[in-house]
Amino acid sequence: MTFGSRASPRNSAPTEPMASWEAPRVAPALPGRTSTAFIKGSLTVSGAMSFLRENGRRIAILALAMFALGIAVLMVLPVRFAATALVVVDPREQRVTTDQDVLPGIGQDAAALQSLIEIAKSDGFLRPLIEQLKIASDEDVAGGQTDTTRLLEKFRGRLDISRRGLTYVIAISFTSNSPERAAYYANAVAEAFVANQGRVRTEATDEAADWLKDRLKTLNERLRASEDAVAAFRLEHKIVNAGKDSTTQQLRVTDLTQQVSAARARTAEAKSRYEQAQRDLKANVDGPVKQDLLSVLRAQRSALNDQIAQKKAVFGERHPDLMISYSQLSDLNRQIEVERKKNIDTAKSEYEAQLEQQNSLEKQLKAVETQMLVDGQAVVRLQELQRDAEANKNIYEQFLSRFKSTNEQRLLQNSQTKIASPAIPPLRSTRPPLALLLAALAIASILTSTAAVAVTKSVSEKPAPARSPADAATGGTPDQQPLRRVSVLPQPAALPSVPVWVRIPDLAPEFAKSVWQKPTTAAAEIDLGPYLRPLLEKIDGAPGLGGKVALVISVGKSAGGNTVARSLNRSAVNKGMLSVLIQVKPELGGAASAVTDWQGGATIAGVQSVNELLGAGRTAGSRPADDIRSEFDLIIVHATSLALQPDALALAAHADLVMLVVRDAELGSAAMRRITAALGRFDGVPSGLVINHVPAGSAAQLTELAG
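Take 12 as the starting number for the sequence shown in this note's numbering and just add one per residue.
1. Would you tell me roughly how many angstroms separate the C-alpha atoms of residue 157 and residue 187, rounded to the nearest one?
2. Quick one: using the 10 Å Cβ neighbour count with 16 as the cut-off for buried, is residue 649 buried or exposed?
3. If you follow the beta strand (DSSP E) that residue 614 is part of, which residue opens it and which one closes it?
4. Where DSSP assigns a beta bridge to residue 92, which residues make up the other side?
5. Please list the segments of the alpha helix (DSSP H) lying wholly inside the region 355 to 439, counting only runs of 4 or more residues, in order along the chain.
6. Count the other CB atoms, across all protein chains shown, that sit within 10 Å of the CB of residue 427; report buried if there are 16 or more and exposed otherwise.
7. Report, in whole angstroms, the separation of the C-beta atoms of residue 380 and residue 264, which I expect to be a contact under 8 Å.
8. Name the one or two DSSP bridge partners that residue 593 has.
9. In whole angstroms, what is the alpha-carbon distance linking residue 411 and residue 219?
10. Rounded to whole angstroms, what is the Cα-Cα separation between residue 71 and residue 465?
11. Straight-line CA distance for residue 454 to residue 169?
12. Roughly how many angstroms separate the alpha carbons of residue 524 and residue 469, rounded to a whole number?
13. Our contact map puts residue 127 next to residue 141 with C-beta atoms below 8 Å; I'd like the distance itself, whole angstroms only.
14. Just reading off the alpha helix (DSSP H) that residue 683 is part of, what are its end residues?
15. Between which two residues does the beta strand (DSSP E) containing residue 564 stretch?
16. Apart from the five residues just before and just after residue 284, which ones in its own chain have a Cβ nearer than 6 Å to its Cβ?
17. Can you check which of these residues, 269, 688, 78, is closest to residue 509 by C-alpha distance?
18. When you compare only the Cα positions, how much space is there between residue 349 and residue 309?
19. Out of curiosity, what's the CA-to-CA distance linking residue 171 and residue 448?
20. For residue 555, which residues from the same chain have a beta carbon less than 7 Å from its beta carbon, with the 5 sequence-adjacent residues on both sides left out?
21. For residue 194, which residues from the same chain have a beta carbon less than 7 Å from its beta carbon, with the 5 sequence-adjacent residues on both sides left out?
22. Using only the alpha-carbon positions, how far apart do residue 677 and residue 570 sit?
23. Straight-line CA distance for residue 329 to residue 315?
24. Checking 7 Å against the spacing of the C-beta atoms, do residue 578 and residue 672 come in under that value?
25. The beta strand (DSSP E) with residue 670 in it runs from where to where?
26. Quick check on DSSP: helix, strand or coil for residue 571?
27. Decide if residue 591 is buried, meaning its Cβ has at least 16 other Cβ atoms within 10 Å, or exposed.
28. With a Cβ-Cβ cutoff of 7 Å, do residue 595 and residue 670 count as a contact?
29. Which residues does DSSP pair with residue 511 in a beta bridge?
30. Please classify residue 744: is it buried, with 16 or more other beta-carbons within 10 angstroms of its beta-carbon, or exposed?
31. For residue 624 versus residue 639, is the C-beta spacing smaller than 7 Å?
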């Protein structure tokens, strides 16, 4: 075995991982400073078994009592039944007509469905339903309450309205002591919900129809006023509508224009005939034959000329018949000439008549055109009035059509909300199965009773607050000393003949421990360095050269020797000393353990190995370099339990100091007496007591203070 240098983890490493139940591994606390921090313990199998062996009967009795109480409570509590009615809100819309409904369905809007659920939970929906169902007379729900607000809260507490997943199905559940009443209330709420949704759509349509009806009255009055204004304006300005956006004046202008054109044509034609007749008369030519009389006369003249020619040929020019024929021819020519002049006069008369008619029509056309120019501004105003009347007419017709369709939709309203499945009285209550309840009650009773016993034991065993080293030496705080000096001190147990070197107060109150007395692995170990300074001074003052060997022996159960040894090793290292900690392990079965184990900064070895190690270098023929004292300033040997390893007391022969770590309550025990008697064989080795876990105001402290 080789012991390393000053910084070796085997000799100077912090001994934090090596915690035990004797001293909880907690954060270091300064002496004289109290702390309210708690440390949670870790549950171990051995600690749990020990706790159960000690407190099993109390836990069992308390668990049985709690189990019986739980059964009694289950028997007293009423059994509740929950009935559920399913309501479906169909997002599809029935299109009977092409017109859109006043209040369309929810469609694919999930937020609208959730809004319907929240409305069904509201006071406005449930309050009339409570009065309708007479909830105040139902003792199960009302509980003797008559106030509407309280009844509403109680009824809402029994009612649950929720959406089934991502569907359009709404579950309406009601809980009651009676399955029939639960189903009745669930169905009543579902029916009220469906009726409310249908009523909402119907009321929306009725309101729209009534509004349209009222609006139509206003629009009708406005339309009538605008049409009356158009009629009055037409009457005032004598504007008559001739259809096709035309007035009578416009039609008259058109007609006169056509008549003037025709008159001009006729006048020109008559003038042409008159002039032609004059030319024919001057040229003594026959004009176009158009008169019947003139044509007859010309035919007779032609026939008479033929007769004259024949008579000349037959009778000669002096025949009397020729004279008569010549006389007739002269009469005919005179008649023809008269007729021709008469025709010229007729043509002239016709021409003059046509010209006069043309002039008259042109005057009328000019007058009408002048009047139209004067009435142009009135026509513009009339068109404005007509546009206003036409717009009012269109709006009125649209509203009238919408009113007719909306009024007819009143008879076509059907609710999208329907009861898909009415609630039926449930056969099973809302309680879990009886076997599950009993199992849960048994487990809860055991756990609760165990926790109660653990807390009770922890509180009852809570030690007094810790004090500083100065308080431990003087027996209390300065303000407590006068009281303690005049107090009647109890007589302590007979102290052994070994002197007391150090008193360490009970530091456990600063750090809460669990019932199992097991600290958490992440916590630090208590540092007892401030209380162990007298031990370091005694080690420094021990006679001899080289390193010193300090034997630490734990006396009795839970003495805390492990913590004392580790704190002493840590204090020596902090002081600048080369120190090593050796823990003596019991040698079971007589097998010697080699010094090869290391745990938490301490060397683990058996008694025989440690005895050989400490005796090396002091036998005849050995070299000084073999002595371990030449490598270290301090060698701390800790014997954990003399009951398991009584041979460890023989190590006192190699020690320069022997420290007996004992609890205050174990000073007069048989184990203490045996150890002090056994140390009598080593009178030359200085021995002293390290009293650990000294409670505040103990008899031992008061004895020293009084003496």
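Glycine is no exception: its CB is placed at the ideal position from the N, C-alpha and C atoms. Since the model is a prediction, treat every value here as computed from it, not as a measurement.
On the basis of the coordinates in this document:
1. Taking the first residue of the sequence shown as 1, we reach residue 157 at position 146. Taking the first residue of the sequence shown as 1, we reach residue 187 at position 176. If I take the Cα positions, the gap works out to 18 Å.
2. The count along the sequence shown starts at 1 and reaches residue 649 at position 638. With 16 or more other Cβ atoms from the protein chains shown falling within 10 Å of its own Cβ, residue 649 counts as buried.
3. By 1-based counting over the sequence shown, the position of residue 614 is 603. Segment 613 to 617, the beta strand (DSSP E) holding residue 614.
4. Within the sequence shown, the letter at position 81 stands for residue 92. The partner list for residue 92 (beta bridge, DSSP) reads 187.
5. Within the region 355 to 439, the complete alpha helix (DSSP H) segments of 4 residues or longer fall at 387 to 420, listed in chain order.
6. Translated into the one-based positions of the sequence shown, residue 427 becomes position 416. Here residue 427 is buried: its Cβ has 16 or more other Cβ atoms, across all protein chains shown, within 10 Å.
7. Start at 1 with the first residue of the sequence shown, and residue 380 comes out as number 369. Start at 1 with the first residue of the sequence shown, and residue 264 comes out as number 253. Cβ atoms of residue 380 and residue 264 come within 8 Å of each other, at about 6 Å.
8. Numbered from 1 along the sequence shown, position 582 holds the residue referred to as residue 593. Bridge partners of residue 593: 614, 648.
9. Reading the sequence shown from its first residue, position 400 is the one you call residue 411. Reading the sequence shown from its first residue, position 208 is the one you call residue 219. Spanning the two alpha carbons is a distance of roughly 13 Å.
10. Position 60 of the sequence shown, counted from the start, is the residue given in the question as residue 71. Position 454 of the sequence shown, counted from the start, is the residue given in the question as residue 465. When rounded, the distance between both Cα atoms is 13 Å.
11. As a position in the sequence shown, residue 454 is number 443, starting the count at 1. As a position in the sequence shown, residue 169 is number 158, starting the count at 1. Approximately 30 Å between the Cα atoms of the pair.
12. Within the sequence shown, numbered from 1, the residue matching residue 524 stands at position 513. Within the sequence shown, numbered from 1, the residue matching residue 469 stands at position 458. Low local confidence applies: a pLDDT of 46 at residue 524 is under 50, so the model's placement there is unreliable, with the coordinate-based value given in what follows. Looking at the two C-alpha atoms, the distance is approximately 8 Å.
13. As a working mapping, residue 127 is identified with position 116 in the sequence shown. As a working mapping, residue 141 is identified with position 130 in the sequence shown. The pair is not a contact, with the Cβ atoms about 20 Å apart (cut-off 8 Å).
14. Indexing the sequence shown from 1 puts residue 683 at position 672. From DSSP, the alpha helix (DSSP H) with residue 683 extends over 681 to 689.
15. By one-based count along the sequence shown, residue 564 stands at place 553. Residues 559 to 566.
16. Translated into positions along the sequence shown, residue 284 becomes position 273. 358.
17. Your numbering for residue 509 matches position 498 in the sequence shown. Ranked by how close their Cα comes to the Cα of residue 509, the residues 269, 688, 78 have 688 in first place.
18. The count along the sequence shown starts at 1 and reaches residue 349 at position 338. The count along the sequence shown starts at 1 and reaches residue 309 at position 298. Distance between the alpha carbons of residue 349 and residue 309 is about 12 Å.
19. Residue 171 sits at position 160 when you count from the first residue of the sequence shown. Residue 448 sits at position 437 when you count from the first residue of the sequence shown. Answer to the nearest angstrom: the Cα atoms are 24 Å apart.
20. Here the question's residue 555 lines up with position 544 in the sequence shown. Answer for residue 555: 667, listed in chain order.
21. Taking the first residue of the sequence shown as position 1, residue 194 is located at position 183. Exclusion of the five residues before and after residue 194 leaves 94, 434, 435, 436 as the residues of its chain whose Cβ lies within less than 7 Å of its Cβ.
22. Indexing the sequence shown from 1 puts residue 677 at position 666. Indexing the sequence shown from 1 puts residue 570 at position 559. Rounded to whole angstroms, residue 677 to residue 570 spans 9 Å at the Cα level.
23. In the sequence shown, counting from the first residue as 1, residue 329 sits at position 318. In the sequence shown, counting from the first residue as 1, residue 315 sits at position 304. For residue 329 and residue 315, the gap between their C-alpha atoms comes out near 17 Å.
24. Position 567 of the sequence shown, counted from the first residue, corresponds to residue 578. Position 661 of the sequence shown, counted from the first residue, corresponds to residue 672. Between residue 578 and residue 672, the CB-CB gap reaches or exceeds 7 Å.
25. Counting from 1 along the sequence shown, the entry for residue 670 is found at position 659. Bounds of the beta strand (DSSP E) holding residue 670 are 668 to 674.
26. Position 560 of the sequence shown, counted from the start, is the residue given in the question as residue 571. Reduced to three states, the DSSP call for residue 571 is coil.
27. Position 580 of the sequence shown, counted from the start, is the residue given in the question as residue 591. Per the 10 Å Cβ criterion, buried.
28. Counting from 1 along the sequence shown, the entry for residue 595 is found at position 584. Counting from 1 along the sequence shown, the entry for residue 670 is found at position 659. No. Outside cutoff.
29. Counting from one through the sequence shown, the residue named residue 511 turns up at place 500. Residue 511 is bridged to 700.
30. For residue 744 there is no data in the structure shown, the boundaries of the chain being 12 and 718.
31. Indexing the sequence shown from 1 puts residue 624 at position 613. Indexing the sequence shown from 1 puts residue 639 at position 628. It is a contact, given that the beta carbons lie within the stated cut-off.
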